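To keep things clear, I will list the structure first and then write my remarks on it.
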Amino acid sequence: MGTWHEYFKAEGTPPEWPYPIKFGEESEYETDVVVLGGGIAGCWAAISAARSGAKVAMFEKGDVRRSGAGGPGCDHWCNVPGNPLSRVEPDDWAIQEMNSLGDFSNGIGIQIQCREDYDTLLEMEQMGGKIRDDKDEFVGVEGRDPETKLMFSPRYSVDGSLAPAEGWGKPGFNPPEKRNNTVIRIWGSTFKPILKRECKKLGVNIIERTMATRILNENGRQGARVVGATGINARTGEFIIVKAKAAIIATSGSGFVYYFDSEHGGISTMYSRNQTGDGTVMAWKAGAKLTMMECSGASRFSGGLRHKWYTGGGDASYENVPLVDANNKRLPAPIQGWEDGGAMFSPQARIIAQIREGVKHGEYKLPFYGDFAAMKPEEAHATWDLMLNEESTTKVMVKTMTEGGFDKYSDQIMNYTLIEMQPSQQYRDAGSGGGIMTDWDLMTNVEGLFAAGMSTYSPGDHSYAAATGRYAGRKAAAYAKRVEQGEISREEIDREKKRVLAPTKRCGGIEWKELNVGVNRVMQYFASEFKNEEMLNLALEEIARIEENAVPQLFALDPHKLMRSLECLSIIEYAKIALNAMKERRLSSPKLRIERQDYPDADPEELKNYLALHLENDEIVFERIPIRFWGNMKEQYEAHNQDYTGVYKG
Amino acid sequence: MADKVFALPNVQTPSVPVKINPDKCIGCNTCVETCQIDVFIPNPKKGAPPIILHAEECWYCGCCATDCPTPGAMEFNWPLPLKPRWRNKETGVVSQLK
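Protein chains in written order, with the working numbering: chain A, 10 to 659; chain B, 1331 to 1428.
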């Protein structure tokens, strides 16, 4: 019971659309700060802007209570060197993190995260989020501090230990008294409903089930200061206009540019269909600078009907779980545990090759298993009932498997690491690490336009989204206090409204799913692992043909399908930006995850620069910006935050 | 009406991300509001279970099932190709979620 077909069969008629249809109608709001996206970064931005005295509105495609990649939960609060048990200084750790990510990291975001992440976590606790083992459920688990009851994760307990550090697995490696203590295990499934509650308490105007579609520039002039944003309600089709002095882009990075399974909408481990890069595209159209858009990498996460990372699609060793073969023989893979300082299996092509050779020559017998039964019982309990029970989409895995008879103390989860974890080169993450450039206020080159979380280039994780969202919120509020509301252009709004509603004028032609997979194929064929000028031109020509022939046929039967259709238009725009950036980067570089057949080497001078691009009068302008343009991170952070008052005092 | 055969398009794959028990579901629509991608719509009949409309957009986050306030009303349903498998280390018996 419950499916559409069952309803139809029983009633003899399809259900009528359950929400009032308002195509063509408008609502208008006025605020100081408008936040685009109500995920982790967006909620923190809204809360912090409101606490700084600003009037705030926030667009969100879903319901803020569980929306975004972090809506279901989160198990690690990373890069929190400001905590009382950390053995590293926040400013030193920021430099170490920046260096470990290489030249094309985001020093501004990392510095903000390292300086303010612990304050952000304490504010989460203030609001009611669970960050400590206060009920003593995990006494005896390694990394648990008996006084603060904080639970540290093995991740990054050794500097730069994403890859196995020397000596891992040997006695005396990573002793407790030398660990960095920079990652805290948390009860993240409690967080998102609390963030929504706080937004409501603070009077944030939450505009839910609404996709933001455009940033409004003053007088409709690209690159001019921000004066508002528009959106479309995905249940009613109503067009929303928000006048605002500042806007914060807090949307996700891009999904679905290279791959989309029309019979399974989500990228099942980490992203729902809602994450389609709309924010990056909106910033682009408003004239903001983007960078690292030439990068792309083979995706490690599953799309379509493949196992989730944790149910066997990935390393199944999150965290401390050894991987074994069918004969219970340990595989030579790190386990993100205490024994290897939190090193991860997934980035290690060398280790995967070694295991494959072992399989070929009979050293390892398939299938493989994540060996919970081999763990100390208290560690199995922590990994299963804390980490997996709180991580993004795994609470339901723990629930269903436990109810189905899985026993964390005696069983082993089957693992498909040599099948599903092996990335296919054509299934790529577009703009891998690419996104919006900002200054030390997290403001873009467009005055009044801020960015946080995944929408920034070289972004981080959940706590990065939280810390940068919180930071952007207070900076945007301060900016909004200094300026007057600018003029919006009715002509620009009418143009946008026409664009947004066009698919509703037709009831046949090309549906959103076909358009999505059509764009994917272009990217897979012509902008995959190896690229050259001719291929990239072919891709751009094909995209132009899609825009000319297919887009005018795009049809949407209801407001939900309209939102999906508009997401496809974002995906097309995102693909064009990426292809143009790839063309402009005439080099091959593992650092930038780009390989050009026609430019197999890299000019060392070129590798000292970010490639930035933005629109002026709808023409692309390229620019080289020196790496580490942010200057001395400690000094710059302090110069820009003399008024920072730490944890919220009410 | 139940015996009548209609000409219908194919059913999406997978089609049943959750199973709803109509005897227990109180039609509170918490799941309708919780789902970030609108897999469900409310039933036109007040108090009746929601309708699964966009089944194939489900990303298996499980929030609808874990946040459902009525015990036994909603059961998460892994699609066939995603059902987890495990082995008992001592007996070697391999099980799969039903």
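C-beta atoms are modelled at their ideal positions from N, C-alpha and C, and glycine is treated no differently.
Quick caveat, the model's predicted, so the values are computed rather than measured.
Between which residues of its own chain and residue i is the CB-CB distance below 7 Å, once the five residues before and five after are set aside?
i, result
"F200 (chain A)", "C83, M133 and G138"
"K64 (chain A)", "T40 and D41"
"R637 (chain A)", "G116"
"D142 (chain A)", "R153, K158 and M160"
"Y425 (chain A)", "H316, G321 and G322"
"T1360 (chain B)", "D1397, C1398 and P1399"
"R602 (chain A)", "C304, S305, G306 and S441"
Might you give, ordered along the chain, the residues of its own chain that have their beta carbon closer than 6 Å to the beta carbon of residue i, omitting 5 neighbours on each side?
i, result
"E576 (chain A)", "T285"
"C1355 (chain B)", "P1379 and A1403"
"V592 (chain A)", "One detail in the question is off: residue 592 (chain A) reads as Lys in this sequence, not Val. Here the set comprises L545."
"D100 (chain A)", "K643"
"G1392 (chain B)", "F1406"
"L340 (chain A)", "L332 and I364"
"E125 (chain A)", "A476"
"K506 (chain A)", "F248"
So, for residue i: in the same chain, excluding its five sequence neighbours on each side, which residues have a beta-carbon less than 8 Å away from its beta-carbon?
i, result
"S1425 (chain B)", "R1415, W1416, R1417 and N1418"
"K585 (chain A)", "L549 and I552"
"C1358 (chain B)", "P1399 and T1400"
"M136 (chain A)", "I203, L204, R206 and E207"
"S464 (chain A)", "G46, A50, I258, A259, T260, S261, G262, G288, T289, A292, G444 and I445"
"L427 (chain A)", "I361, I364, R365, V368, L375 and F377"
Along chain C, which residues have their Cβ under 9 Å away from the Cβ of residue i?
i, result
"N1340 (chain B)", "Protein chains in the displayed structure are A and B, and chain C is not among them."
Taking the alpha-carbon of residue i as reference, which of the options has the nearest alpha-carbon?
i, options, result
"I1382 (chain B)", "B:F1406, B:L1410, B:A1337 and B:K1413", "B:F1406"
"K179 (chain A)", "A:I140, A:D349 and A:N546", "A:D349"
"V266 (chain A)", "A:E35, A:L588, A:K600 and A:R74", "A:L588"
"N618 (chain A)", "A:V630, A:E625 and A:I634", "A:I634"
"L299 (chain A)", "A:A352, A:K369 and A:A460", "A:A460"
"I121 (chain A)", "A:Y378, A:Y657, A:K658 and A:N650", "A:N650"
"S271 (chain A)", "B:P1344, B:V1362 and B:K1334", "B:P1344"
"K374 (chain A)", "A:N190, A:A358, A:G264 and A:N336", "A:N336"
"L571 (chain A)", "A:G21, A:F17, A:K31 and A:Y646", "A:K31"
"L225 (chain A)", "A:I497, A:E556, A:I636 and A:I216", "A:I497"
"K70 (chain A)", "B:C1394, B:K1375 and B:T1364", "B:T1364"
"N183 (chain A)", "A:F631, A:S305 and A:S162", "A:S162"
"N62 (chain A)", "A:R483, A:A474 and A:M396", "Reading off the sequence, residue 62 (chain A) comes out as Gly, not Asn. Answer by Cα proximity: A:R483."
"M452 (chain A)", "A:L601, A:G296 and A:Y319", "A:G296"
"T129 (chain A)", "A:A481, A:A476, A:T320 and A:L563", "A:A476"
"K317 (chain A)", "B:C1361, B:L1412 and B:P1352", "B:L1412"
"A221 (chain A)", "A:E227, A:I241, A:D448 and A:E399", "A:I241"
"I519 (chain A)", "A:Q533, A:R508 and A:F564", "A:F564"
"R661 (chain A)", "A:T239, A:P468 and A:R96", "Because chain A in this structure spans residues 10 to 659, residue 661 (chain A) falls outside the shown range and cannot be described."
"I1367 (chain B)", "B:L1410, B:P1347, B:F1336 and B:P1409", "B:P1347"
"I250 (chain A)", "A:T219, A:R244 and A:F269", "A:T219"
"W639 (chain A)", "A:Y38, A:Q434, A:K210 and A:D112", "A:D112"
"N214 (chain A)", "A:L171, A:L94, A:A66 and A:P90", "A:A66"
"E372 (chain A)", "A:P93, A:K338, A:T402 and A:K404", "A:K338"
Between residue i and the ligand PLP, is there a pair consisting of the residue's CB and a ligand heavy atom that are separated by less than 7 Å?
i, result
"C1388 (chain B)", "This structure lacks the ligand PLP; in fact it carries no ligand of any kind."
Just by C-beta distance, which residues in the stretch 196 to 224 of chain A are closer than 7 Å to chain B?
Of all residues in the stretch 196 to 224 of chain A, none has a Cβ within less than 7 Å of some Cβ in chain B.
Compile a chain-ordered list of the residues in the stretch 1381 to 1396 of chain B whose CB is closer than 8 Å to at least one CB of chain A.
Residues of the stretch 1381 to 1396 of chain B whose Cβ lies closer than 8 Å to any Cβ of chain A, in chain order: I1381, I1382, L1383, H1384, A1385, E1386, E1387, C1388, W1389, Y1390, C1391, G1392, C1393, A1395 and T1396.
Proximal residues, the stretch 288 to 302 of chain A versus chain B, C-beta separation under 9 Å
Against chain B - using a Cβ distance shorter than 9 Å - the stretch 288 to 302 of chain A contributes no residues.
Between the stretch 601 to 619 of chain A and the stretch 535 to 545 of chain A, are three or more C-beta pairs nearer than 8 Å?
Contact between the stretch 601 to 619 of chain A and the stretch 535 to 545 of chain A is established, with three or more Cβ pairs separated by less than 8 Å.
Hey, is the stretch 54 to 67 of chain A in contact with the stretch 435 to 445 of chain A, meaning 3+ C-beta pairs nearer than 8 Å?
At 8 Å Cβ cutoff, the stretches do not touch.
Any C-beta of chain B within less than 7 Å: which residues of the stretch 415 to 436 of chain A qualify?
Cβ contacts with chain B: F415, S419, D420, Q421, I422 and M423.
What residues in the stretch 1366 to 1380 of chain B bring their beta carbon closer than 8 Å to a beta carbon of chain A?
Considering only beta carbons, the part of the stretch 1366 to 1380 of chain B lying closer than 8 Å to chain A consists of Q1366, I1367, D1368, I1371, P1372, N1373, P1374, P1379 and P1380, in chain order.
Any residues in the stretch 1340 to 1358 of chain B with a beta carbon nearer than 9 Å to a beta carbon of chain A? Which ones, in chain order?
Result list: V1341, Q1342, T1343, P1344, S1345, V1346, V1348, K1349, I1350, N1351, P1352 and C1355.
Just checking, does the stretch 371 to 391 of chain A make contact with the stretch 146 to 164 of chain A on the three C-beta pairs under 8 Å criterion?
Contact annotation: the stretch 371 to 391 of chain A touches the stretch 146 to 164 of chain A, with at least three C-beta pairs closer than 8 Å.
Is the stretch 254 to 263 of chain A touching the stretch 509 to 523 of chain A, taking contact as three or more C-beta pairs under 8 Å?
With a cut-off of 8 Å, the stretch 509 to 523 of chain A and the stretch 254 to 263 of chain A do not count as touching, because too few Cβ pairs lie within range.
Listed in chain order, which residues of the stretch 1402 to 1425 of chain B have Cβ atoms closer than 8 Å to some Cβ of chain A?
Listed by position along the chain: F1406, W1408, P1409, P1411, L1412, P1414, R1415, W1416, R1417, N1418, K1419, E1420, V1424 and S1425.
Within the chosen definition, does the stretch 99 to 114 of chain A reach the stretch 408 to 418 of chain A through at least 3 CB pairs nearer than 8 Å?
The stretch 99 to 114 of chain A makes no contact with the stretch 408 to 418 of chain A, as fewer than three CB pairs between them are under 8 Å.
Pair every Cβ in the stretch 318 to 332 of chain A with every Cβ in the stretch 475 to 493 of chain A, then say whether three or more of these pairs are closer than 8 Å.
The stretch 318 to 332 of chain A, when compared against the stretch 475 to 493 of chain A, does not touch it at the 8 Å Cβ threshold.
Three-pair Cβ contact test at 8 Å for the stretch 229 to 244 of chain A versus the stretch 72 to 81 of chain A:
They do not touch, by the three-pair rule.
Scan the stretch 41 to 99 of chain A and note each continuous alpha helix (DSSP H) run of 4 residues or more that stays entirely inside, going in chain order.
Under the rule that a run must span 4 or more residues, the alpha helix (DSSP H) segments found entirely inside the stretch 41 to 99 of chain A read 49 to 60.
Which ranges does the beta strand (DSSP E) cover as unbroken runs of at least 3 residues, wholly within the stretch 455 to 543 of chain A, from first to last along the chain?
With a minimum length of 3 residues, the continuous beta strand (DSSP E) runs that stay inside the stretch 455 to 543 of chain A are 458 to 460.
Entirely within the stretch 1387 to 1420 of chain B and at least 3 residues each: give me those beta strand (DSSP E) ranges in chain order.
Within the stretch 1387 to 1420 of chain B, the beta strand (DSSP E) runs of at least 3 residues that lie entirely inside it are, in chain order, 1404 to 1406 and 1415 to 1418.
The stretch 84 to 95 of chain A in contact with the stretch 186 to 204 of chain A per 3-pair CB rule at 8 Å:
Yes, the stretch 84 to 95 of chain A touches the stretch 186 to 204 of chain A.
Taking a Cβ distance cut-off of 8 Å, strictly less, list which residues of the stretch 357 to 381 of chain A are near chain B, in chain order.
Residues Y378 and D380.
Short of 8 Å Cβ to Cβ, which residues in the stretch 70 to 82 of chain A face chain B?
Those would be K70, G71, D72, R74, R75, S76, G77, G80 and P81, in chain order.
The stretch 404 to 415 of chain A: which residues have C-beta closer than 8 Å to a C-beta of chain B, in chain order?
For the stretch 404 to 415 of chain A, which is checked against every Cβ of chain B, the residues closer than 8 Å are K404, V405, M406, K408, T409, M410, G413, G414 and F415.
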